[in-house]
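A quick write-up on the structure given underneath.
In the UniProt record's numbering, the protein residues as written are 1 to 366.
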């Protein structure tokens, strides 16, 4: 680069200039830069105007002290990246004290990171008043502590992979509409879309038994524990955390039976009256945030299980059917699997069969 153009003067003739104050902004063929004063005094002359070209090292203005002697201001500039400039301001670092390691001596972020923070303001050496602490410590409840320990283990120890599918709920909604009033009048429980999902997951786990397992380790080594029962855990939010009551033998139950058990277990969970037996023995978990209007999310596996299904809300979406676009009620399903006992193809097969089941007319109703 041989020359630059003056963009704007930041100081006007007659102003007193402190050392390191920005005098003008210049523009090169690569960047816009600021010129800082290398001296202090009154600006008595601007040698160039905005838009004028100036050679590197050329004179742009003159500073004068009270006796009238002038100091020449040359177009020496500090080349610095925007990120490095911001950090230098935060840390109180004078850029002229830094040797840049970037291209053409430019000061870059790494040059500023290693410089100690200036502890006192240049304006005042007075000790700053410490900010008032407005935080408080809240002890963990026994439930919160257990949740933290289990999910930390899940996140750190289980190599998890995710599989997602969007499902058209038209068949499920049609069947539910046919049954919901009669079921509610007969057994006093309202049939939900979640009941269909529970039955579908139970059936598919029976079809893909390699997913209905646990990866275990004991002193003799690691092994895969194959579960003979299909027991579906249902994540339920309670006052101080989360509990997971279990619907046993879900693959064998009708929609009405699942609805009754779900209603009973959720009611007991909210009341805090679940027994230990009602919260143990699960082989797969379903977590739904549909009631919070969440479209999709990813859930962490509930150990020692090998899979969990995250259920989003049902919503109307445009879909392509043949050569036309139609409106359908869609639901996003995200499954997380433990990669140790089985492979991605097994998780994909599970999700494929689950999608097919939810979009079919084959259901055990009563």
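Note that the Cβ used here is the ideal one computed from N, Cα and C, for glycine as well.
Burial state of residue 366 is exposed, judged by a 10 Å Cβ sphere holding fewer than 16 other Cβ atoms. Across the structure, residue 154 and residue 301 are spaced so that their CA atoms are roughly 6 Å apart.
One Cα belongs to residue 57, the other to residue 132, and the distance between them is close to 50 Å. Per the coordinates, the alpha-carbon of residue 182 lies some 15 Å from the alpha-carbon of residue 254. Residue 15 and residue 61 have their alpha carbons spaced roughly 13 Å apart. With fewer than 16 other beta carbons inside 10 angstroms of its own, residue 292 counts as exposed. Residue 195 sits in a helix when the DSSP states are folded into three classes.
Judged by DSSP secondary structure, residue 164 falls within the beta strand (DSSP E) whose first and last residues are 160-168.
In the displayed model, residue 355 falls within a helix according to three-state DSSP.
Under a 10 Å Cβ-count criterion, residue 12 is classified as exposed, with fewer than 16 other Cβ atoms of the shown protein chains found around its own Cβ. Taking every protein chain shown into account, the CB of residue 206 has fewer than 16 other CB atoms within 10 angstroms, so this residue is exposed. The beta carbons of residue 308 and residue 285 sit about 4 Å from each other, so the pair counts as a contact at 8 Å. Runs of the beta strand (DSSP E) spanning 3 or more residues and lying entirely within the region 197-261 occur at 213-218, 221-226, 232-234, 236-238, 241-243, in chain order. Here residue 142 is not near residue 107, since their CB atoms are 7 Å or more apart. Between residue 314 and residue 169, the C-beta gap is smaller than 7 Å, which places the two residues in contact.
In the pairwise beta carbon analysis, the region 269-283 is classified as touching the region 238-251: at least three pairs are separated by under 8 Å.
Contact fails between the region 320-330 and the region 145-164, because fewer than three Cβ pairs, one in each stretch, are under 8 Å apart.
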